Amino acid sequence: MSVRSFLRPDRARRPDGQITVGAIDAVRLDALREEATGIWASAMGYPSSLIATRASLIRQHLREPDLRAVTAHESDGTLVGFAYGYRSQPGQWWHDEVHGLAERAGNGVLLDWLADCHELCELHVRPHQQGRGIGRRLAEEFLATIPARRVILSTPDSPTAAVSLYEALGMQLLAPGFVFSTDARPFAIYGIELTAR
Ligand SMILES: CC(C)(COP(=O)(O)OP(=O)(O)OC[C@H]1O[C@@H](n2cnc3c(N)ncnc32)[C@H](O)[C@@H]1OP(=O)(O)O)[C@@H](O)C(=O)NCCC(=O)NCCS
Numbered sequence: 036m037s038v039r040s041f042l043r044p045d046r047a048r049r050p051d052g053q054i055t056v057g058a059i060d061a062v063r064l065d066a067l068r069e070e071a072t073g074i075w076a077s078a079m080g081y082p083s084s085l086i087a088t089r090a091s092l093i094r095q096h097l098r099e100p101d102l103r104a105v106t107a108h109e110s111d112g113t114l115v116g117f118a119y120g121y122r123s124q125p126g127q128w129w130h131d132e133v134h135g136l137a138e139r140a141g142n143g144v145l146l147d148w149l150a151d152c153h154e155l156c157e158l159h160v161r162p163h164q165q166g167r168g169i170g171r172r173l174a175e176e177f178l179a180t181i182p183a184r185r186v187i188l189s190t191p192d193s194p195t196a197a198v199s200l201y202e203a204l205g206m207q208l209l210a211p212g213f214v215f216s217t218d219a220r221p222f223a224i225y226g227i228e229l230t231a232r
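Quick note: the working numbering has the sequence shown finishing at residue 232, numbered continuously throughout.
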């Protein structure tokens, strides 16, 4: 699957209700951390008491290699969605968790992906703005910025809008049913090859 083959110009380039989607740098993401974390909490159904801790985690992520971030804004400047990720490498919590799970599962394909890939760490749209094509635009814009040949991510292993989106983008299921040390829910690992870039 190439980046160009999953881009859908009809939606990706459409004004779509005055929503502007574009790449931002780490400095800008830092400035948007509180607002973005509020979206993360409402989109995932987490209590607002977790926002400060999560915002601190985003600050740590700003130092990760090859950080890429994209945002969606309304014309009045309101942030309605965001996505970011970085090169996945040993020493990062998510990378080490997935690596350990892949080893225990004997999943050589996933281990191979982990050796050279970017992680899509977060992708969220404000609940009242979901279902309007914003998530797809954010994902496409994010993938178009990636300086790596592969992107992987984890998402709850259940029939969610996120899973529909990833499959609609042509992502492949690399591992189902992974249980992280911090969460009782099973997660699925998805990946996409960006070979034509
Ligand atoms: C997942 C999410 C980012 C998608 O953003 P969105 O703006 O709602 O999605 P879009 O309107 O761009 O739809 C993109 C695709 O998602 C899927 N989708 C969207 N809403 C859906 C729904 N209610 N049910 C099933 N599939 C849905 C469709 O496959 C759609 O494909 P299409 O482009 O061919 O129509 C958003 O729903 C969200 O923030 N969810 C909660 C947080 C979350 O789960 N984040 C991902 C964590 S890994």
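Every residue, glycine too, gets a C-beta built ideally from N, C-alpha and C.
Here the structure is a predicted model, which is why all the values come from computation and not from measurement.
For this session: Note down the Cα distance separating Gln164 from Leu149, rounded to an integer number of angstroms.
Result: On the sequence shown, residue 164 is found 129 positions in, with the first residue counted as 1. On the sequence shown, residue 149 is found 114 positions in, with the first residue counted as 1. Those two C-alpha atoms are separated by around 33 Å.
Exercise. Can we say the segment 200 to 217 touches the segment 115 to 126, given the rule of at least three CB pairs closer than 8 Å?
Worked result: no
Problem set entry | Buried or exposed by the 16-neighbour rule on C-beta atoms within 10 Å, applied to Ser216 | For the purposes of this step, residue 216 is taken as the residue at position 181 of the sequence shown. Ser216 comes out exposed.
For this session: Please report how far the alpha carbon of Gln95 lies from the alpha carbon of Ser84, in whole angstroms.
Result: As a working mapping, residue 95 is identified with position 60 in the sequence shown. As a working mapping, residue 84 is identified with position 49 in the sequence shown. Gln95 and Ser84: Cα-Cα distance of roughly 19 Å.
Problem set entry | Counted within 10 angstroms of its Cβ, other Cβ atoms place Val133 as buried (16 or more) or exposed | On the sequence shown, position 98 is the one that residue 133 refers to. Label assigned to Val133: buried.
For this session: Return the chain-ordered list of same chain residues with a C-beta closer than 6 Å to the C-beta of Arg161, the five sequence neighbours on each side being excluded.
Result: The count along the sequence shown starts at 1 and reaches residue 161 at position 126. Counting only Cβ-Cβ distances below 6 Å, and skipping sequence neighbours, we find Ile74, Val115.
Exercise. In chain order, what residues of the same chain have a beta carbon less than 8 Å from the beta carbon of Arg46, not counting five sequence neighbours either side?
Worked result: Within the sequence shown, the letter at position 11 stands for residue 46. In this prediction, Arg46 scores a pLDDT of 42, lower than 50, which makes its location untrustworthy; the coordinate-derived value is nonetheless stated afterwards. Answer for Arg46: Gly168, Arg171, Arg172, listed in chain order.
For this session: If I'm right that Gln53 touches Ser123 with Cβ under 8 Å, what's the distance once you round it to whole angstroms?
Result: Taking the sequence shown and counting its residues from 1, the one referred to as residue 53 is at position 18. Taking the sequence shown and counting its residues from 1, the one referred to as residue 123 is at position 88. Actually they do not touch by this definition, with Cβ atoms about 34 Å apart.
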